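Chains as they are written, first to last, in our numbering: chain G, 1 to 349; chain E, 1 to 349.
Glycine included, each C-beta is placed from N, C-alpha and C at the ideal position.
As the structure is a prediction and not an experimental result, all values here were calculated from the model.
The structure appears below as structure tokens.
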């Protein structure tokens, strides 16, 4: 028995950054944390907490992550969420050895497709990949798009300290562009060569480290010319773009200055301004940022049609934030874009 | 002969984050870079560029940094700046050995006081310190306040990878609070244990690394209880608070969650919300962020009376940004606060 706490709206509410985990990956994480098989202090701290802590937050999140049926649907009903776009939780398989990772994402994507088949009106999903093997990742994107009916690609920022501006990863972008799937660049804890001052102060995760790791990754993609090479590539960022909209003007000024100074030989002129890519190749979701001032700021400097709703279930299951976003000071037409039609267009639902 | 390009305004324009360098520190940086005496890749890359590049940007910045007289005054006149609050340029002496650093800031503060004496209507200044020696730093703050007439303390984020939330540095905050001087927390390039993914992509400096290093430092101070221990301490942040105003809601949510989860034993409950400290203990300047949307956003979520003008001379000497800020969509009374009276109050001018 669940009850919708919200009145029927003039739109469907599609939540676009919603996480799950497969039983196999859940077990693999636990085994790796127990055996010390993964040498990534951010992963060990964060997933070690969610999978082994007996705190209420950790056990509730862990249970909800594993459910792709009744419990999740009841939570969605209670919060007024019509559809979740599901993605394998961060860091997915990106911390694993390449061969295991490749096998595990195939299985995860199959299980995701089955869950969607059981509830096609309530779930859609993104293809998980193992960037460790770019050629296999490209194949999995094609398989996800054509055979599994998945609607985008989920990548959890760095892969064992490597970033997607490295051209060895570009078959992934080529496949995403060819399949017409957007790439959702989800946060990860910062890599070992960056995390120390965050981890020693407890700021490595969603409170701050996530944001700067993913903001950095996005800026690396832009400044290394990924969108000049793949102009039709669409990126989706959660958490209102990890604050990059706040920086548009400074990014343009400092990028122009850095290029002109020739301080780095690899920092080459781009076809457009940094802010142009952030306005033309990127969509933004409100995952974890159900706060009117930052939402309306982003809508204002990026564009109303590029900001979409997300909840970040189960990590931030706060039904009150749905009501708060229902009450945004924007027109009914824009609200329908925000909750429904922009997501339908971006993910081709 | 210089000409003011701006009409007389109903306020004095006080620029609050304006850099200079002493001849001794300039020479010391050059010597250290040449000899490899400083093991900080961010410093070597950034100051190596400004002090040795023959590019127009580098030579102009280097020349302007060294001038505390006619050239600087002419630039101020041309941009309509009535007063600069001067600070020894980042990273100051924080990269040097402690004994050299202590001697060098004394000399730098004396030279700064002399420059102010020569032009008391045009210059005020902040005390430079060597956090490497907290006891001496505390003494220098007291000397700066009482004998030199300086108006705040300048600290350039981390000191050789250490952050001021470490209680060994707290004599600095004690002295600042006792002297009634605000602490301007200026950016630095990220420390060796964080900088790798920024530096390899050319994003270590003002384009992004500065912001996250200083944002991280500020959050460390707040979450480790510095403002509970020193409730009258005032912090000043440039670059509109390094985007922290964008994160107010998420910081509160995630900090509460982290404390409740007991994930880190050192992340203890605070007396107030993270956003309370950002609204009650921190002032914000527009250094490098002369962009109306981000300025008005910050004024709106933090408070009109906590946002002040800064130029970031000579790094961002863009007179057009003064005109843009003269045209902010705020009342004349608020504009006078923004350009003049808030700075007069915070720095007790």
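Extent of the continuous alpha helix (DSSP H) run through residue i
{"i": "residue 248 of chain G", "result": "248 to 261"}
{"i": "residue 35 of chain G", "result": "23 to 35"}
{"i": "residue 141 of chain G", "result": "134 to 146"}
{"i": "residue 184 of chain G", "result": "Unbroken run through residue 184 of chain G is the beta strand (DSSP E), 183 to 185; no alpha helix (DSSP H)."}
{"i": "residue 209 of chain E", "result": "209 to 223"}
{"i": "residue 105 of chain G", "result": "98 to 118"}
{"i": "residue 239 of chain E", "result": "239 to 242"}
{"i": "residue 298 of chain G", "result": "292 to 302"}
{"i": "residue 227 of chain G", "result": "226 to 229"}
{"i": "residue 173 of chain E", "result": "170 to 179"}
Contacting residues, own chain, Cβ-Cβ under 6 angstroms from residue i (five flanking each side not counted)
{"i": "residue 2 of chain G", "result": "With a pLDDT of 43 at residue 2 of chain G, under the threshold of 50, the modelled position of that residue is not reliable, and the figure given next carries that caveat. Excluding sequence neighbours, residue 2 of chain G sits near 74, 77 and 78."}
{"i": "residue 191 of chain G", "result": "158 and 161"}
{"i": "residue 17 of chain E", "result": "238, 285, 287, 310 and 312"}
{"i": "residue 241 of chain G", "result": "284"}
{"i": "residue 145 of chain E", "result": "179 and 181"}
{"i": "residue 216 of chain E", "result": "none"}
{"i": "residue 93 of chain G", "result": "101, 104, 105 and 130"}
{"i": "residue 53 of chain G", "result": "none"}
{"i": "residue 262 of chain G", "result": "none"}
{"i": "residue 346 of chain G", "result": "182 and 283"}
Residues that residue i contacts on chain E, provided the C-beta gap is smaller than 7 angstroms
{"i": "residue 219 of chain G", "result": "203 and 208"}
{"i": "residue 255 of chain G", "result": "207"}
{"i": "residue 396 of chain G", "result": "Examination of residue 396 of chain G is not possible in this model, given that chain G is present from 1 through 349 alone."}
{"i": "residue 193 of chain G", "result": "196 and 197"}
Close Cβ partners of residue i (< 7 angstroms) along its chain, the five nearest in sequence each way excluded
{"i": "residue 252 of chain E", "result": "273, 274 and 275"}
{"i": "residue 228 of chain G", "result": "270 and 271"}
{"i": "residue 20 of chain E", "result": "65, 68, 86, 88 and 89"}
{"i": "residue 10 of chain G", "result": "332 and 336"}
Delimiting residues of the beta strand (DSSP E) encompassing residue i
{"i": "residue 234 of chain G", "result": "Element bounds for residue 234 of chain G: n/a, residue is neither H nor E."}
{"i": "residue 50 of chain E", "result": "Segment 41 to 52 is the alpha helix (DSSP H) holding residue 50 of chain E; no beta strand (DSSP E) there."}
{"i": "residue 87 of chain E", "result": "83 to 88"}
{"i": "residue 283 of chain G", "result": "282 to 285"}
{"i": "residue 123 of chain G", "result": "123 to 125"}
{"i": "residue 20 of chain E", "result": "14 to 20"}
{"i": "residue 155 of chain G", "result": "153 to 155"}
Contact list for residue i against chain G, beta-carbon separation under 9 angstroms
{"i": "residue 216 of chain E", "result": "197, 198, 201, 203, 208, 209 and 212"}
Sequence-distant residues of its chain with Cβ nearer than 8 angstroms to residue i (five each side left out)
{"i": "residue 220 of chain E", "result": "163, 164 and 165"}
{"i": "residue 193 of chain E", "result": "161"}
{"i": "residue 342 of chain E", "result": "283, 305, 306, 307 and 308"}
{"i": "residue 348 of chain G", "result": "151 and 180"}
{"i": "residue 4 of chain E", "result": "At residue 4 of chain E, the pLDDT of 48 sits below 50, so the modelled position is not reliable; the number obtained from the coordinates is stated separately. The answer, listed in chain order, is 77, 78 and 80."}
{"i": "residue 243 of chain E", "result": "211 and 215"}
{"i": "residue 224 of chain E", "result": "165 and 266"}
{"i": "residue 12 of chain E", "result": "82, 83, 339 and 340"}
Per-residue contacts from residue i into chain G (C-beta, under 7 angstroms)
{"i": "residue 55 of chain E", "result": "261 and 262"}
{"i": "residue 288 of chain E", "result": "250"}
{"i": "residue 58 of chain E", "result": "261"}
Cβ separation of residue i and residue j, assumed to be a contact under 8 angstroms, to the nearest whole Å
{"i": "residue 305 of chain E", "j": "residue 337 of chain E", "result": "6 angstroms"}
{"i": "residue 171 of chain G", "j": "residue 134 of chain G", "result": "5 angstroms"}
{"i": "residue 138 of chain G", "j": "residue 175 of chain G", "result": "4 angstroms"}
{"i": "residue 188 of chain G", "j": "residue 156 of chain G", "result": "4 angstroms"}
{"i": "residue 48 of chain G", "j": "residue 33 of chain G", "result": "5 angstroms"}
{"i": "residue 202 of chain E", "j": "residue 267 of chain G", "result": "4 angstroms"}
{"i": "residue 293 of chain E", "j": "residue 300 of chain G", "result": "6 angstroms"}
{"i": "residue 51 of chain E", "j": "residue 30 of chain E", "result": "5 angstroms"}
{"i": "residue 116 of chain G", "j": "residue 339 of chain G", "result": "Rounded, the Cβ-Cβ distance is 20 angstroms, inconsistent with contact."}
Contact list for residue i against chain E, beta-carbon separation under 9 angstroms
{"i": "residue 22 of chain G", "result": "Residues of chain E passing the Cβ test: none, with the nearest at roughly 24 angstroms."}
{"i": "residue 223 of chain G", "result": "201, 202, 203 and 207"}
{"i": "residue 227 of chain G", "result": "Going along chain E, no residue has its Cβ under 9 angstroms from residue 227 of chain G, so there is no contact; the nearest lies around 15 angstroms."}
{"i": "residue 347 of chain G", "result": "The premise fails here: residue 347 of chain G is roughly 24 angstroms from chain E at the closest Cβ pair, so nothing lies under 9 angstroms."}
Cross-chain neighbours of residue i in chain E, by beta carbon under 8 angstroms
{"i": "residue 19 of chain G", "result": "Neighbours of residue 19 of chain G on chain E: none; closest Cβ ~16 angstroms, over 8 angstroms."}
{"i": "residue 230 of chain G", "result": "The premise fails here: residue 230 of chain G is roughly 18 angstroms from chain E at the closest Cβ pair, so nothing lies under 8 angstroms."}
Chain G contacts from the stretch 301 to 312 of chain E (Cβ-Cβ distance under 8 angstroms): Listed by position, the residues of the stretch 301 to 312 of chain E near chain G (Cβ gap below 8 angstroms) are 301.
Which residues of the stretch 162 to 191 of chain E have a Cβ closer than 9 angstroms to any Cβ of chain G? Give them in chain order. Only 163, 165, 190 and 191 from the stretch 162 to 191 of chain E bring a Cβ to less than 9 angstroms from some Cβ of chain G.
For the stretch 33 to 49 of chain G, enumerate the residues whose C-beta is nearer than 7 angstroms to any C-beta of chain E, in chain order. Cβ contacts with chain E come from 49.
Interface residues of the stretch 248 to 279 of chain G facing chain E [CB-CB below 8 angstroms]: Of all residues in the stretch 248 to 279 of chain G, only 248, 249, 250, 251, 253, 254, 255, 257, 258, 260, 261, 262, 263, 264, 266 and 267 place a beta-carbon less than 8 angstroms from a beta-carbon of chain E.
Closer than 9 angstroms between beta carbons: that is the criterion. Which residues of the stretch 119 to 135 of chain E meet it against chain G? Under the 9 angstroms Cβ criterion, the stretch 119 to 135 of chain E contributes no residue.
Can you give me, in chain order, the residues of the stretch 333 to 344 of chain G that have a beta carbon less than 8 angstroms from any beta carbon in chain E? Residues: none.
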